[in-house]
Structures are given as C-alpha cells and as structure tokens.
Amino acid sequence: MSSSHCEVIVPVEFYTEFQRLAPRFHNYRQHDSVEFINIFLDILHEDLIQILQDKHTIVSKNFHGQIRTTVTCQKCNQDLTIDNSFSFLPLPVPDENKNTEFSRTYGYKLDHCFQNFFQIEDIGNHGQWYCQHCDKLRHAKKKIYLLELPPVLILQLKRFNNDLRSFSKIDTLIEYDLDDLDLNTYVVPSRQDKSIRYKLTAVSNHWGRFIDGGHFVTYAKLPTTQDWYKYNDDRVGKMDKSIHVNNYSAYTLVYQQEKKDLIIDTAV
-14 MSSSHCEVIV PVEFYTEFQR LAPRFHNYRQ HDSVEFINIF LDILHEDLIQ ILQDKHTIVS
46 KNFHGQIRTT VTCQKCNQDL TIDNSFSFLP LPVPDENKNT EFSRTYGYKL DHCFQNFFQI
106 EDIGNHGQWY CQHCDKLRHA KKKIYLLELP PVLILQLKRF NNDLRSFSKI DTLIEYDLDD
166 LDLNTYVVPS RQDKSIRYKL TAVSNHWGRF IDGGHFVTYA KLPTTQDWYK YNDDRVGKMD
226 KSIHVNNYSA YTLVYQQEKK DLIIDTAV
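With the first letter of the sequence shown counted as 1, position 53 gets the number 38 in my numbering; the numbers rise by one all the way through.
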C-alpha cells in the first residue's frame, strides 16, 4: 500500500460485513471517518470479548484510555468523581476567525484545543445541579483529567459546528506536533509521567465544505522506514512530512506512544 505500482486492495467483503454490523453505513454516501474508526474498534472489541471471554482485548489495550470527571459542589466542596473509558478525544477547534484568511494562515496550536477541552466548566450557575451531600440543587464546577493514556491516541478536530441548518466547516489551521507530544498537563497529578511522549503516525484530512460530502485523504508514516506517504483513493505517493503542519484540512490525528510497541495478543 505504500506504492502506486502495487495492486489496489478493494475490501468488498469487509465493507459488506461492516454494513451488516453497522446499518447506518448501508449506503454510498460520505460518512465520518472518526465515526467509522470508533464503530469498527467497538465491533472488534466486542467480538474479541465473546471469543476470548476476556474484556481486556488488543483493542482496549492499545486504543482505550480513561478520563476522570470531577464535579465539585460550590457550597459544600464535596466531589463527585466518575471514570470513563474513551477510544478518541473530540477536541473543539477555535472558530473566532472561522473561514478567514487569518485562521487558515496563522491558526492555533494543538494545545489550544486541549486547553478548551479540559477547561473547568460551570454547572448549574443558578442552582440547577443536584448535590447528593447537600441534598439540594447547587452550583458546581466540572473538571476533566486524563486518568490513563492509551498506547495509540486518536484525536478528532471538531471542524463541524452544531448548527443543524448549515453544518458549516471550521477551516482554522491547527499546528500539531509531529513528535514529542506531551499531555502530562492534563493528566491526574498522581499519574503524571514525563517519560510518556507521543509521535504522530497518521492524519486523516477532510477536503470539502460539509460533513456529508467532500473527500478524505490520509497521510501515514511507514513504520519500517519512517517515511510519510499520501493515500488518496488508489493513488499513493511519498511526501515531505513538513506539509502536515500547515494543513487546515486535518480532521483526525493518530498518535502512538514513543518507545512503546503495540500490544499483540498471540491468542487471536
């Protein structure tokens, strides 16, 4: 798959079976790439649980992380803590200068998206959150931390707003790290590990104005040579990695922990 001289793989049987398991994909319309990845990993994970009778599969070991959400009552200061697993992080893309030449040329750092995602959120400013300790409706603050980092980290840059009338795209340039991505700032303090760093391995780009249209093109790094390739349908070619940084169409980023191999289950 890293050369245009090779025969193109047409996964008809795979697609047919995937349509059966995920009926929403049972048409030839444009579908969201992150939605596909999430559903595919979930199907694979559930099937492996049934086969191996073990909830810790190669999917969960490689792609699942954990987020800790803490809600603090502003009256009694009691915390409500909930831990949830995730297979990708949906990062908000700033749209202050949406679709302007400034946003496409200068843009923001990826860390700005992380800051927005992990910022403290007010809940029930007018006493709309129920505190079990107070047994009353109170004002609270919600804080999110990363509890466990997965070997493979998938990030979605949320480029489509929630306006159901337009589904317009945010073309803000997000400059992201190719190497040495450090997320310790957003990890629960007791779990921080400065030795954990991520390197970029793939980028899915969305070209077009709307989520149900356009075209997806992928940039991916070949593990054996560390060379980057562009995958555009049946056209494959080597490319300069510096192209990635100045790209306002980046939609999905795939990172892998440095100095850590993927976990392979030989029982499968």
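Don't be surprised by glycine CBs; every beta carbon is placed ideally from N, CA and C.
Source: prediction; values computed, not measured.
Cα separation between residue i and residue j?
i: Leu65; j: Cys116; result: 9 angstroms
i: Thr203; j: Ala187; result: 7 angstroms
i: Glu243; j: Asp120; result: 47 angstroms
i: His191; j: Ala235; result: 6 angstroms
i: Ile129; j: Val137; result: 20 angstroms
i: Lys40; j: Ile34; result: 5 angstroms
i: Cys98; j: Arg220; result: 32 angstroms
i: Ala125; j: Asp80; result: 27 angstroms
i: Lys184; j: Cys61; result: 42 angstroms
i: Phe201; j: Arg123; result: 45 angstroms
i: Ile43; j: His111; result: 45 angstroms
i: Phe(-1); j: Leu168; result: 35 angstroms
i: Asn217; j: Lys223; result: 12 angstroms
i: Lys179; j: His11; result: 44 angstroms
Who are residue i's beta bridge partners in DSSP?
i: Glu106; result: Lys127
i: Ile181; result: None, per the DSSP bridge assignment.
i: Phe145; result: Lys154
i: Phe71; result: Gly50
i: Lys206; result: Trp213
i: Glu31; result: DSSP, once it has assigned bridges, lists no residue as partnering Glu31.
i: Ser189; result: Thr203 and Thr237
i: Arg220; result: Asn217
i: Val56; result: Leu65 and Lys127
i: Leu26; result: In DSSP, Leu26 forms no bridge with anything.
i: Pro77; result: Lys143
Return yes when the C-beta of residue i is under 8 angstroms from any heavy atom of the ligand HEM, and no when it is not.
i: Glu20; result: In the structure shown, the ligand HEM is absent, as is every other ligand, since no ligand is present at all.
For residue i and residue j, which I take to be in contact (beta-carbon distance under 8 angstroms), what is that distance rounded to the nearest angstrom?
i: Ser18; j: Gly50; result: Not a contact, Cβ separation roughly 20 angstroms.
i: Glu20; j: Lys94; result: At roughly 26 angstroms, the Cβ-Cβ gap does not stay under 8 angstroms, so Glu20 and Lys94 are not in contact.
i: Ile105; j: Ile22; result: That belief does not hold up - the Cβ atoms of Ile105 and Ile22 are roughly 29 angstroms apart, past 8 angstroms.
i: Lys127; j: Pro77; result: Contact flag wrong, Cβ pair sits at about 15 angstroms.
i: Gly92; j: Leu29; result: About 35 angstroms separates the two Cβ atoms, so there is no contact after all.
message = For the pair the segment 209 to 219 and the segment 168 to 179, tell me if three or more CB-CB distances fall below 8 angstroms.
response = no
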